[in-house]
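Heads up, the thing below is written out as structure tokens.
There are 2 protein chains.
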Amino acid sequence: MGALATQTVDTTKRLEALRSLMSSSEHNVTAMVIPSEDQHMSEYIAACDERRAYISGFNGSAGTVIVTLKDAFLFTDGRYFLQAEKQLDSNWTLMKSGLPDVPTWQEFLSKNLEKHSRIGIDPTLITAADAESLETSLKAKESHLVSLTDNLVDFIWEDRPPRPANKVFPLDVKYSGESHQDKLKRLREELNKKPYKAMVVNMLDEVAWLFNLRGSDIDFNPVFFAYAVVTHDNSLLFVNTSQVDDVVRTHLGDPVQIKPYDEFFPYLRGLGGEVDLSDELQVLVGDKCNLAIVEAIGRERITILRSPIADFKAIKNETEIEGFRQCHIRDGAALTRYFAWLEEQLNSGTQLNESQAADKLEEFRSELDLFRGLSFTTISSTGPNGAVIHYSPDPADCSIIQKEQIYLCDSGAQFLDGTTDVTRTWHFGNPTDEEKRAFTRVLQGHIAIDTAIFPNGTTGYIIDSWARRPLWEDGLDYRHGTGHGVGHFLNVHEGPQGIGVRIAYNSTALKSGMTVSNEPGYYADGRFGIRIENIVIVRDAQTPNNFGNKGYLKFEHVTLSPIHKKLIDASLLTAAERSWLDAYHAEVLDKVSPLLKNDTRALAWLERECSPL
Amino acid sequence: MGALATQTVDTTKRLEALRSLMSSSEHNVTAMVIPSEDQHMSEYIAACDERRAYISGFNGSAGTVIVTLKDAFLFTDGRYFLQAEKQLDSNWTLMKSGLPDVPTWQEFLSKNLEKHSRIGIDPTLITAADAESLETSLKAKESHLVSLTDNLVDFIWEDRPPRPANKVFPLDVKYSGESHQDKLKRLREELNKKPYKAMVVNMLDEVAWLFNLRGSDIDFNPVFFAYAVVTHDNSLLFVNTSQVDDVVRTHLGDPVQIKPYDEFFPYLRGLGGEVDLSDELQVLVGDKCNLAIVEAIGRERITILRSPIADFKAIKNETEIEGFRQCHIRDGAALTRYFAWLEEQLNSGTQLNESQAADKLEEFRSELDLFRGLSFTTISSTGPNGAVIHYSPDPADCSIIQKEQIYLCDSGAQFLDGTTDVTRTWHFGNPTDEEKRAFTRVLQGHIAIDTAIFPNGTTGYIIDSWARRPLWEDGLDYRHGTGHGVGHFLNVHEGPQGIGVRIAYNSTALKSGMTVSNEPGYYADGRFGIRIENIVIVRDAQTPNNFGNKGYLKFEHVTLSPIHKKLIDASLLTAAERSWLDAYHAEVLDKVSPLLKNDTRALAWLERECSPL
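Residue numbers (my numbering), protein chains in the order written: chain A, -3 to 609; chain B, -3 to 609.
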């Protein structure tokens, strides 16, 4: 969440200029939409945000803009109602998504606009699949989507900051575990199966993974703006050439051609002729591809499928897995130093706000080997703020951490050898029985996932209820998933696997080598939030039998940070759960304490927190 | 499974006669299909079986017949390969369903038959939905389904036994808990919501439930051949009038019109004119309706949806629930008498086969109040036969029960006040460690379902993995669902709810008042089978919290029969699981022992089996 700005922008002139372009004979549209960013389409993360902020004045991180020749609407959700009310001027109508009787922006386009509307959209900002379903629902009013060759907001935006173009760097094979040559070979084998003539890679993390390159164009995600096309003979990387130096060129070697980013769409338009496409021989494109790619190649020449690179990337190799283990030991040391420091601060009566505390945690992390930044904005939250699931403290306006309230901290970092994401929940005073009981139920759900054994073919959808069962027994629950995939020195949220109630998680079986978070929680609105999150890796399990010859799987946790015993109601735990906790704490102490030789406060704290229950 | 007949029928003349009818100008078809019965379309249970047996000579309970002008094929599954090989003469080709490279009968029709085939089918023997998807797949060869006005097998079958037409009788409201007038009122309120002009009821158990009538036209299922049509003003029951006496007429009262069964389709063909149907005002038909109904009314005039009666029926009222409790106490007494008797027989060295034992169980049950027959063929199985999930002993050729093998008994009865279905697994000698460990894992899965608490909206698909988790820990699993719905003095298998891995179970949330079985198992092919099955009723749970205001649910078990302690490895159980078992046994003893005053052997056995672990 961005800072809660109170300054409003007068959007009158900007809207006038936009509408003039819209009604020009060249574009000829009666409405225009800038959809909210889709986190999964990382190729344009921030692009929507920026343009939405410019045209509307609202700079929250989620929202869809619809501008017609007369009116202007901003759709955003409950997290941003207050901010949007403050930032939007009188040209704008705020549409509060999620409230009863408020249509989605898609419904609004197909039901509230006039018949025969021509709705302009930048085809790089919508997936082909979303565009197709939107086009279908527009039929009722005989309206149409119109792909704009250029984004009209960019035309009227004089001082638009350029797209980030930071240096790209190679990720050594000692961290990635597989050369990009081998990855390209695997991809080509996949293309041969069907056969496809080529694959267009449009997800930034897939490009980064495929070529063992990383960047810093997007906060927290070590990726860079790029597209790639892989044919049987060629690999083309479309990237702003100013971002690529000789180190990168040497790393990639001759077989990979580097092309200017802006030549991507012209190249696609010529692709049909070049590789001899036909109904039988098609171009493979991932299912998150944007509409512009489909239009450039031609819908009849492409096959849209779940990207094979997403499936490759989801399964970590042994080098990546060992990297996950190692970076989590270091990360555990920084967490220990931070929590020990925080406890001392609060015990000594220091007034610390949530953001200052988060900064201290970042400071400890930044001293770690191979550290390359945070993996997301730290959620440092006291009392009621912990119940706001996506809370992040505004440095200019956040709460003082209260010793007598639950403190929830969800944080993570990027390292060359892996990515971390960990939540711990503390109470530095005297927790209530209610808080302890809820925390214990969450812990029991966490242990149920950690100790899970299940046959190959089982999805995260199937085992999600194991995490909820202890909470359900008390009539408690949480309104988020139990676990998301995690990239290896890549996006901290990564598909396609996950553990949760979203039916999409039922389409991907958990496989050995996949990483997921294990993060059940409980949130008492206006009072406190609880979450216990470790990263776990799916591994083969050695079971006494192997019914059905399927092979059975288990989880290996890599996160190493004590779970707060003071918040546990031990009477609720089974003997097996107690043993799990004690063994986990012994493991944490064993692995993390060697890194704390120079911080006696942290070491003493860790020894205390890791003692048997 | 029927008796394994070895006598074959010469089908040459029958096939000749059939083909002559097929190629007549009146029918003009090049192939004919008799699909395997669909258990859910109870209106014609047995009709397919009989005709298949007549034309092919194969009298197993599952199989599809396809006759072309030259060839004849029988498709059946692994349970019946041996029987079919023995029974089919040289006119027939056996298609072994489930083996690699053997097409389904639908694939066979759409891929193996000649182009432009005209495939005759009796439209009462296929659901409209199945016919629609079949018609689509036939397009590739420009073939077509042809609805035959009469079943051609019936024409050539001279001594065809008449359709069963046993007496129909009313079920007193003291058992049903709701008058048929009130049920009709509820149904009409449902019709009004949309609004629909009428509903056609084609499932036999739905007709029986709606009018509080029962019959005995189909083994084990207390239903009778009938259709019904409910409009806002009329209720029409189409039934062979010889089955209906004055008691039934008085019970139904004037507002229900009884019509001859054979007038059903002519009535439907006139329905459009009678109730003034239009695109807006349609006839509602359940999604299991047959093609003949759709063709008689006209596809454009009907709406096919999951039957609201199925949803009504699935939720038992308090009278039905109390009936379930009471009949299970009586049923538990018969089970006790049987297992005590069986143990004594085996200890004394009596040679008993599986079928003789099952007969004794039926004898004990038949002495119970309100008994109306078995609810399915008793599975009485020793050793390896227990691993055949749908085994039932052939009286003429079954195994002697071995004291040193696991004995699995799955059985149930129909009572005026409810339906039972219970599986218990015993060992009358010395079980192996492997058997005990597997039994204990199954028991732990059973307990996990029995003690489940979950929010409203949760489906049986979601909680199925709770039953499997203890087995998965040992690399074990079972290849059937965990639970099916159970009718109230109706079909022992009843939809739409259930607990299992079939995705269809994810479409129906478990609701208070629903009945399901809880029957995890484990099967070691060729050696033994284990299953522990109770019937449970979904009830509101009193949880300390009510997060999300959803309300939380639990299960109440009604089955009362001891779970074999000798087969339990107590070291695997948690303290909570031990307590559950002891409490369950105390409840069984408390409720069942008062009915055993005249059977000291049974009482002594029950006291021993119900003592604390």
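All C-beta atoms in this analysis are idealised placements derived from N, C-alpha and C, irrespective of residue type, glycine included.
Query: CB contact below 8 Å: D365 of chain B versus chain A; Result: no
Query: Buried versus exposed call for E39 of chain A [16 or more other C-beta atoms within 10 Å across all chains shown]; Result: Unreliable placement is indicated for E39 of chain A, whose pLDDT of 49 sits below 50; no coordinate value is reported for it.
Query: Length of the line joining the Cα atoms of T596 of chain B and Y501 of chain A; Result: 56 Å
Query: With 16 other Cβ atoms within 10 Å as the buried cut-off, status of A310 of chain B; Result: buried
Query: Pick from A:N349, A:V482 and A:L233 that is closest to G379 of chain A, judged by C-alpha positions; Result: A:N349
Query: Runs of alpha helix (DSSP H) lying entirely within the segment 350 to 438 of chain A, each at least 4 residues, in chain order; Result: 350 to 362
Query: Near-chain B residues of the segment 466 to 480 of chain A - C-beta to any C-beta below 7 Å; Result: W468, E469, D470, G471, L472 and D473
Query: CB of S610 of chain A within 8 Å of CB of P391 of chain A, strictly; Result: Lying outside -3 to 609, the shown extent of chain A, residue 610 of chain A is not represented and no answer is given.
Query: Residue-level contact to chain B via CB, G544 of chain A, 8 Å cutoff; Result: yes
Query: Partners in chain A for F450 of chain B, counting only beta-carbon separations shorter than 7 Å; Result: W468
Query: Proximity of S635 of chain B and I458 of chain A at Cβ, strictly below 8 Å; Result: Absent from the structure is residue 635 of chain B, since the part of chain B shown begins at -3 and ends at 609.
Query: Residue span of the beta strand (DSSP E) that contains A537 of chain B, given as start and end; Result: N530 to A537
Query: Distance, R10 of chain B Cα to I30 of chain B Cα; Result: 15 Å
Query: Residues of the segment 560 to 573 of chain A whose Cβ lies closer than 9 Å to any Cβ of chain B, in chain order; Result: T570, A571 and A572
Query: Option in A:A124, A:V244 and A:A353 with minimal Cα separation from F207 of chain A; Result: A:V244
Query: Segment limits, beta strand (DSSP E) that includes N616 of chain A; Result: Lying before the first or after the last residue shown, residue 616 of chain A is absent from chain A, which here runs from -3 to 609.
Query: Best match in B:R47, B:A329, B:K190 and B:T416 for proximity to S155 of chain B [C-alpha to C-alpha]; Result: Looking at the sequence provided, one finds Asp at residue 155 of chain B rather than Ser. If we check each option's Cα against that of D155 of chain B, B:R47 comes out closest.
Query: Below-8 Å beta-carbon distance, T455 of chain B vs any chain A residue; Result: no
Query: Contacts of R503 of chain B in chain A (Cβ-Cβ under 7 Å); Result: A small correction: the amino acid at residue 503 of chain B is Ser; Arg does not occupy that position in the sequence shown. Near S503 of chain B there are no residues of chain A at all, since even the closest Cβ is about 11 Å away, more than 7 Å.
Query: Identified DSSP bridge partners for E552 of chain A; Result: A:I533
Query: E296 of chain B CB to nearest heavy atom of the ligand GDP below 7 Å; Result: This structure lacks the ligand GDP, and indeed carries no ligand of any kind.
Query: CB contact flag (H489 of chain B, H476 of chain B, <8 Å); Result: no
Query: Bridge partners - V252 of chain A, DSSP secondary structure assignment; Result: A:S231
Query: I443 of chain A versus G173 of chain A: straight-line alpha-carbon distance, rounded; Result: 30 Å
Query: Rounded straight-line distance, which links the Cα of L121 of chain A to that of Q35 of chain A; Result: Confidence at Q35 of chain A is low in this model, with a pLDDT of 49, below 50, so the placement of that residue should be treated as unreliable; the coordinate-derived value is given next. Cα-Cα distance, rounded: 11 Å.
Query: Whole-angstrom distance between L563 of chain B and F435 of chain B, CA atom to CA atom; Result: 6 Å
Query: Candidates B:V482, B:Q410, B:A505 and B:T478, of which the one nearest G496 of chain B by Cα; Result: B:T478
Query: Burial state of A222 of chain B, where buried means 16 or more other Cβ atoms lie within 10 Å; Result: buried
Query: 6 Å Cβ shell around Y257 of chain B - same chain, five flanking residues per side excluded; Result: F234, V235 and N236
Query: C-alpha gap between L209 of chain A and G525 of chain B, whole angstroms; Result: 55 Å
Query: Complete runs of the alpha helix (DSSP H) confined to the segment 124 to 149 of chain B [at least 4 residues]; Result: 124 to 134
Query: Local conformation of P166 of chain B per DSSP, three classes; Result: strand
Query: Run of the alpha helix (DSSP H) containing V5 of chain B, from where it starts to where it stops; Result: Per DSSP, V5 of chain B belongs to no alpha helix (DSSP H) and is neither H nor E.
Query: Contacts around I396 of chain B, its chain only, beta-carbon distance under 6 Å, and the 5 residues preceding and following it disregarded; Result: Q347 and N349
Query: Opening and closing residue of the alpha helix (DSSP H) in which G328 of chain B lies; Result: E314 to N343
Query: Cβ neighbours of L183 of chain A in the same chain (closer than 8 Å, five flanking residues each side left out); Result: M195, L206, V226, P304, I305 and F308
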